[in-house]
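Each remark here refers to the structure printed beneath this line.
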Amino acid sequence: MIFCGKKANYQFPFKFQNQKLDHVSSFKYLGLTFNFNGNFKVGIKLLKDQARKAMMSLLRKSRQLDLPIKTQLELFQTLVTPILTYSCEVWGYTGIEIIETLQLEFCKYLLHLKKSTPNCMVYGETGQYPLYIYWTKACNECSKADNYSLFKMNFHYESYLDKLPNCYKIALTKFRTSNHKLPIEKGRYTNLPKYERVCTKCNLNRVGDEFHFLLECPALAEIREKFIPPHFRQHPNFFKYSNLMTTPNRKKLLNLGKFVAEGFKLYK
Ligand SMILES: [Zn+2]
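Each residue of the sequence shown is one higher than the last, beginning at 1 in the working numbering.
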């Protein structure tokens, strides 16, 4: 292989011990595929394909063994990241974002989230992204993360992911990351201005956002009484909302998950 910007001129053959050497446009050397034009795109794609195979096998095994999310994230770092970053000392100056995309895909799959969920929230829930400053900046710039930034103050793994049974955990993750069908999200699809995305289940004429759903909407009063402590229900404000969303108390979290799962049924 001759490295050059365009196809090389092969009219002068190379010989080794009197044997004519083949001309190839790419060659795998020590596990990394080099391309004739010096571009690592093909090599990186092959690494990503291999890593994806490892990721799918990890997901299959984890499902069989019913592993906790935290363990699965650790296994991803141990089993998949080394494949993705293989020889990145050579190519890392160009395509490092491929690590991010596969890791994000993995996290969204684990948390049962839509592909369109903003990355900053996925990083925030799993505590997977090491660049804290970048995360804060992304959250501030992401209009979809308005609700998220009301309660997510620190960048760390969310312990509720370990504390709740699957169905409530999934409902709560969806609620926290705006993967739901409340008016505030539905209005986004039709480009409705935010103030016009009002709740259709009551006549308070308030924006149908997460706060309204959790602490305000009279349509959910019955289940709210069942699952949300009186302190939060009476005179609700954003401070109480944030406190409830960040509670480490297992029972409160469980009830919060139950409330959200029940409440979502109204918005099917
Ligand atoms: Zn309402």
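Where is the CB? At the ideal position from N, CA and C, for every residue including glycine.
Do the CB positions of Y241 and K181 come within less than 8 Å of each other? Taking a C-beta distance under 8 Å as the contact criterion, Y241 and K181 do not qualify as a contact pair.
Mind listing which residues have their beta carbon within less than 7 Å of any non-hydrogen atom of ligand 1? Chain order is fine. Taking each Cβ in turn, the ones that pass are C199, K201, C202, L204, R206, G208, H212, E216, C217, P218, A219.
Quick check: what's the CA-CA separation for K201 versus C217? Roughly 8 Å between the two C-alpha positions.
Helix, strand or coil at Y148 [DSSP, three-state]: Residue state, collapsed to three classes: helix.
E196 to A51 span [Cα, whole Å]: As the crow flies, the alpha-carbon of E196 is around 45 Å from that of A51.
If I measure Cβ to Cβ from K283 and keep anything under 7 Å in the same chain, skipping five residues before and after, which residues do I get? Residue 283 lies beyond the residue range present for the chain, which begins at 1 and ends at 268; the question has no answer from this structure.
Using beta-carbon positions only, say whether T117 and L73 come within less than 8 Å of one another. No, the Cβ-Cβ distance between T117 and L73 is not below 8 Å.
Express the C-alpha separation of K41 and I170 in angstroms, rounding to a whole number. Approximately 36 Å between the Cα atoms of the pair.
Specify the secondary structure class of S271 as computed by DSSP and reduced to three states. Nothing about residue 271 can be reported from this structure: the residues present for the chain run from 1 to 268 only.
Can you tell which of K115, F16, L172, H212 has the C-alpha that lies nearest to the C-alpha of K254? The identity of residue 254 in the sequence shown is Leu, whereas the question assumes Lys. Out of K115, F16, L172, H212, L172 has the C-alpha closest to the C-alpha of L254.
List the DSSP bridge partners of T33. Assignment of beta-bridge partners to T33 by DSSP yields K28.
Considering only their Cβ atoms, is the gap separating V260 from L151 smaller than 8 Å? Here the sequence assigns Phe to residue 151, which means Leu is not the residue at that position. Between F151 and V260, the CB-CB gap reaches or exceeds 8 Å.
What do you get for F239, buried or exposed, if any count of 16 or more other CB atoms within 10 angstroms of its CB means buried? The residue in question, F239, is exposed, as its Cβ has fewer than 16 Cβ neighbours within 10 Å.
Pick from R63, C4, P13: whose alpha carbon is nearest that of F34? When only C-alpha atoms are compared, the closest one is C4.
Between Y288 and L47, what straight-line distance do the alpha-carbon atoms span, to the nearest angstrom? Outside the modelled stretch of the chain, which goes from 1 to 268, sits residue 288, for which no answer is possible.
Considering Cα atoms alone, identify which of S159, T177, K163, E210 is closest to T183. Correcting the residue identity first, residue 183 is Pro in this sequence and not Thr. By alpha-carbon distance to P183, the top candidate from S159, T177, K163, E210 is E210.
Do L244 and F227 count as a contact pair if the criterion is CB distance below 8 Å? In this structure, L244 does not lie closer than 8 Å to F227 by Cβ.
Could you pull out every residue in the same chain whose Cβ sits closer than 8 Å to the Cβ of N37, ignoring the five residues on either side in sequence? For N37, where only same-chain residues beyond five positions count, the Cβ hits under 8 Å are F3, C4, G5, K6.
Tell me which residues share the same chain as N18 and place their Cβ nearer than 6 Å to its Cβ, disregarding the 5 neighbours each side in the sequence. Nothing listed; no residue qualifies.
Per DSSP, what kind of secondary structure is Q269 in: helix, strand or coil? Here the chain comprises residues numbered 1 to 268, so residue 269 is not present and cannot be evaluated.
Using C-beta distances below 8 Å, list every residue in its chain close to F27, excluding the 5 sequence neighbours before and after it, in chain order. Excluding positions up to five away in sequence, the list reads M1, T33, F34.
Would you call the CB atoms of Y109 and L164 closer than 8 Å? With respect to L164, Y109 sits apart: the two C-beta atoms are not nearer than 8 Å.
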